Amino acid sequence: HDELAYLITAEQGKTLSDARGDVFRGLEVVESACSIGDLLLGETIENLADGLDCVSYRQPLGVCSGVCPFNFPAMIPLWMFPIAITAGNSFIIKPSEKTPGACMMLAQLAKEAGLPDGVLNVIHGAKDAVDYLCDAPDIRAISFVGSNTTGEYIHARGTSNGKRVQANLGAKNHSVILPDYPKTTAKAIAGAAFGAAGQRCMALSAAVFVGDAKAVVTDIVEEAKKFTVGCGFTEGVDVGPLISPESKTRVEQLVTQAIEQGAKLELDGRGTLVNGYTGNFVAPTILSNVDPSNIAHKEEIFGPVLVCLEANTLDDAIELINNNPYGNGCAIFTQNGACARKFQHEIDVGQVGINVPIPVPLPFFSFTGSRGSIRGDIHFYGKQGVNFYTQIKTITSNWQYTGADLGGTTMPVLGNKNEVR
Numbered sequence: 090h091d092e093l094a095y096l097i098t099a100e101q102g103k104t105l106s107d108a109r110g111d112v113f114r115g116l117e118v119v120e121s122a123c124s125i126g127d128l129l130l131g132e133t134i135e136n137l138a139d140g141l142d143c144v145s146y147r148q149p150l151g152v153c154s155g156v157c158p159f160n161f162p163a164m165i166p167l168w169m170f171p172i173a174i175t176a177g178n179s180f181i182i183k184p185s186e187k188t189p190g191a192c193m194m195l196a197q198l199a200k201e202a203g204l205p206d207g208v209l210n211v212i213h214g215a216k217d218a219v220d221y222l223c224d225a226p227d228i229r230a231i232s233f234v235g236s237n238t239t240g241e242y243i244h245a246r247g248t249s250n251g252k253r254v255q256a257n258l259g260a261k262n263h264s265v266i267l268p269d270y271p272k273t274t275a276k277a278i279a280g281a282a283f284g285a286a287g288q289r290c291m292a293l294s295a296a297v298f299v300g301d302a303k304a305v306v307t308d309i310v311e312e313a314k315k316f317t318v319g320c321g322f323t324e325g326v327d328v329g330p331l332i333s334p335e336s337k338t339r340v341e342q343l344v345t346q347a348i349e350q351g352a353k354l355e356l357d358g359r360g361t362l363v364n365g366y367t368g369n370f371v372a373p374t375i376l377s378n379v380d381p382s383n384i385a386h387k388e389e390i391f392g393p394v395l396v397c398l399e400a401n402t403l404d405d406a407i408e409l410i411n412n413n414p415y416g417n418g419c420a421i422f423t424q425n426g427a428c429a430r431k432f433q434h435e436i437d438v439g440q441v442g443i444n445v446p447i448p449v450p451l452p453f454f455s456f457t458g459s460r461g462s463i464r465g466d467i468h469f470y471g472k473q474g475v476n477f478y479t480q481i482k483t484i485t486s487n488w489q490y491t492g493a494d495l496g497g498t499t500m501p502v503l504g505n506k507n508e509v510r
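For reference, each letter of the sequence shown is one residue, going 90 to 510 in my numbering.
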């Protein structure tokens with residue numbers, strides 16, 4: 090466990106505690122995969138007609154594959170191959186070229202645990218490797234987590250070759266803060282926005298303050314100032330570096346553009362320096378007075394940046410979120426049950442938290458992002474994951490022992506066994 094976490098921190102940069110969480114959340118899926126026998130059950134009905142039985146089996150697809158992102162080098166592979174293999178498939182996985190080590194270690198651990206050679210296979214590369222997975226005729230399904238550009242490409246190319254594709258894409262996750270918010274809301278929002286340096290598809294990157302709730306922006310700023318930025322191996326560090334210099338440049342440029350478009354800079358994390366290190370560091374950054382048309386709201390920044398918007402009513406906040414193209418996750422902070430219930434029913438987002446800042450489902454449910462955050466219609470892990478990696482075969486059998494006919498020229502129908510068809 091710790092060896093894997095250390096490798097993740099070394100390659101990806103996230104804090105060691107976050108890397109341990111990366112591994113732990115993946116292992117939860119492994120545990121769930123060990124008990125999916127009941128999810129693989131078929132269905133049967135006896136005596137549909139005289140001597141006629143019907144049974145369905147849930148069978149593996151064959152060879153399946155996965156393309157993984159850099160931000161969760163252990164958890165995302167473990168969303169994929171344990172479910173696929175337990176359902177009877179072999180699997181080809183391509184880790185991010187930026188963080189391949191954890192996936193290689195997972196494959197080695199699977200081999201040591203007794204997985205036969207050839208069941209789990211790791212390939213490396215960039216677009217050439219992706220194109221191979223999309224085009225190879227023996228590969229029946231592709232799982233993907235990552236950016237919209239790559240995911241939409243894989244979905245289009247894979248499905249055009251007759252493959253089943255599930256692609257989790259980008260996000261812009263909103264929190265709605267009502268005036269009766271719980272007293273720990275500021276701390277929860279700060280942690281969800283800036284943890285993992287904002288490099289997670291469920292980061293709470295936008296906050297919508299309803300009415301007087303906008304006063305909590307000051308509290309969020311104070312919470313964010315408490316976070317320490319630095320090397321992921323350093324004790325007490327809360328926010329590690331971004332994955333690359335290009336990522337740092339993009340994040341800082343988006344913040345600058347947002348300010349030019351009218352946003353107010355409440356906390357500036359650009360140009361952050363960490364003693365003893367040359368790295369891709371950006372400290373927590375907070376923008377207020379953000380219009381929905383501002384680039385900081387329209388783009389997935391994928392960095393430690395929180396954009397703050399305002400709404401007069403809960404209805405206005407719901408409309409604002411539903412007008413955003415993404416549908417991965419959202420949250421509401423309130424002590425009013427009626428408002429929470431209204432929100433959960435009217436919001437068009439696949440995963441909703443009520444006083445829960447990052448509502449990622451446990452593995453006996455499924456990860457259910459929606460709208461612009463997914464391509465394909467079958468989700469990851471849980472029942473949905475089993476459905477994705479399996480197909481249904483139905484057998485209708487007629488075993489006569491009373492001398493009845495086996496069939497004629499007309500369409501068979503249910504009815505009396507003596508009925509002439």
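A virtual CB, placed ideally from N, CA and C, is assigned to each residue, including glycine. Quick caveat: nothing in here was measured; it's all calculated off a predicted structure.
Item	Value
Could you tell me how far apart the beta carbons of V340 and V394 are, in whole angstroms, since I believe they sit closer than 8 Å?	6 Å
Which of the three DSSP states, helix, strand or coil, is assigned to D301?	helix
Keeping to the same chain, check which residues put their C-beta closer than 6 Å to that of G329; ignore five residues upstream and five downstream.	G102, K103, T104, A286 and G321
Which residues in the same chain have their Cβ closer than 8 Å to the Cβ of T133, if we skip the five residues on either side of it in sequence?	D142, C143, V144 and S145
Check whether the region 293-308 and the region 118-128 are in contact - that is, three or more C-beta pairs closer than 8 Å.	no
Please state the DSSP three-state secondary structure of I212.	coil
Compute the distance between the beta-carbons of P171 and I165, then report whether it is under 9 Å.	no
Could you round the C-beta distance between G442 and A420 to whole angstroms and report it? I think they count as a contact, below 8 Å.	4 Å
Can you tell me which residues form a DSSP beta bridge with L354?	L376
So the candidates are R289, T499 and L116; which of them puts its Cα closest to the Cα of I390?	R289
For W488 and A173, what's the separation of their Cα atoms in angstroms?	35 Å
What number of angstroms, rounded off, separates the C-alpha of G319 from the C-alpha of A347?	25 Å
Can you tell which of N210, A385, Q473 and E241 has the C-alpha that lies nearest to the C-alpha of A295?	A385
When the Cα atoms are used, what is the spatial distance from G351 to G360?	21 Å
Quick check on the DSSP output: what are the complete beta strand (DSSP E) runs of length 3 or more inside the region 228-289, in order along the chain?	228-234, 253-257 and 263-266
Nearest to K314 by alpha carbon, out of S336, Y478, G368 and A279?	A279
Answer yes or no: do A256 and E241 have a C-beta to C-beta separation smaller than 9 Å?	yes
Can you tell me where the beta strand (DSSP E) holding A444 begins and where it ends?	Sequence inspection shows Asn at residue 444; the Ala mentioned does not correspond to that position. Per DSSP, N444 belongs to no beta strand (DSSP E) and is neither H nor E.
Mapping the DSSP letters down to three states, classify D139 as helix, strand or coil.	coil
Exposed or buried, R430, counting other C-beta atoms within 10 Å across all chains shown (16 or more means buried)?	exposed
Counting only runs that start and end within the region 110-176, where is the beta strand (DSSP E) found for 3 or more residues in a row?	132-138, 141-149 and 152-156
Leaving aside the five residues before and after N425 along the sequence, list all residues of the same chain whose C-beta is less than 8 Å from its C-beta, in chain order.	L267 and D269
So, for S31: in the same chain, excluding its five sequence neighbours on each side, which residues have a beta-carbon less than 8 Å away from its beta-carbon?	With the chain covering only 90 through 510, there is no way to say anything about residue 31.
Out of L362, A406, F477 and S486, point me to the one whose CA is closest to I436's CA.	A406
Per DSSP, E399 forms a beta bridge with which residues?	F298
Just to confirm the assignment, what range does the beta strand (DSSP E) spanning T483 have?	T479 to N487
Express the C-alpha separation of R464 and H90 in angstroms, rounding to a whole number.	32 Å
Quick check on DSSP: helix, strand or coil for I467?	coil
Straight-line CA distance for E508 to A138?	For E508, the pLDDT reaches just 49, beneath the cut-off of 50, and the residue's location in the model is therefore unreliable, although a value from the coordinates is still provided. Cα to Cα, the separation comes out at about 11 Å.
Would the beta-carbon of F469 fall within 9 Å of that of V156?	no
Should N250 go down as buried or exposed, given a rule of 16 or more other Cβ atoms within 10 Å for buried?	exposed
Counting only the same chain and skipping the five closest in sequence on each side, list residues whose C-beta sits under 8 Å from that of A302.	I266, L267, P268 and Y270
How many angstroms separate the CA atom of R253 from the CA atom of I243?	11 Å
How far does the alpha helix (DSSP H) with A420 in it reach, from first residue to last?	Premise fails: A420 lies in the beta strand (DSSP E), C419 to F422, not in any alpha helix (DSSP H).
Would you grab the beta carbon distance between T479 and L198 for me? Rounded to a whole angstrom, and I think it's under 8 Å.	No, T479 and L198 are not in contact; Cβ-Cβ is about 25 Å, not under 8 Å.
For F180, list the residues DSSP reports as bridge partners.	C153 and L209
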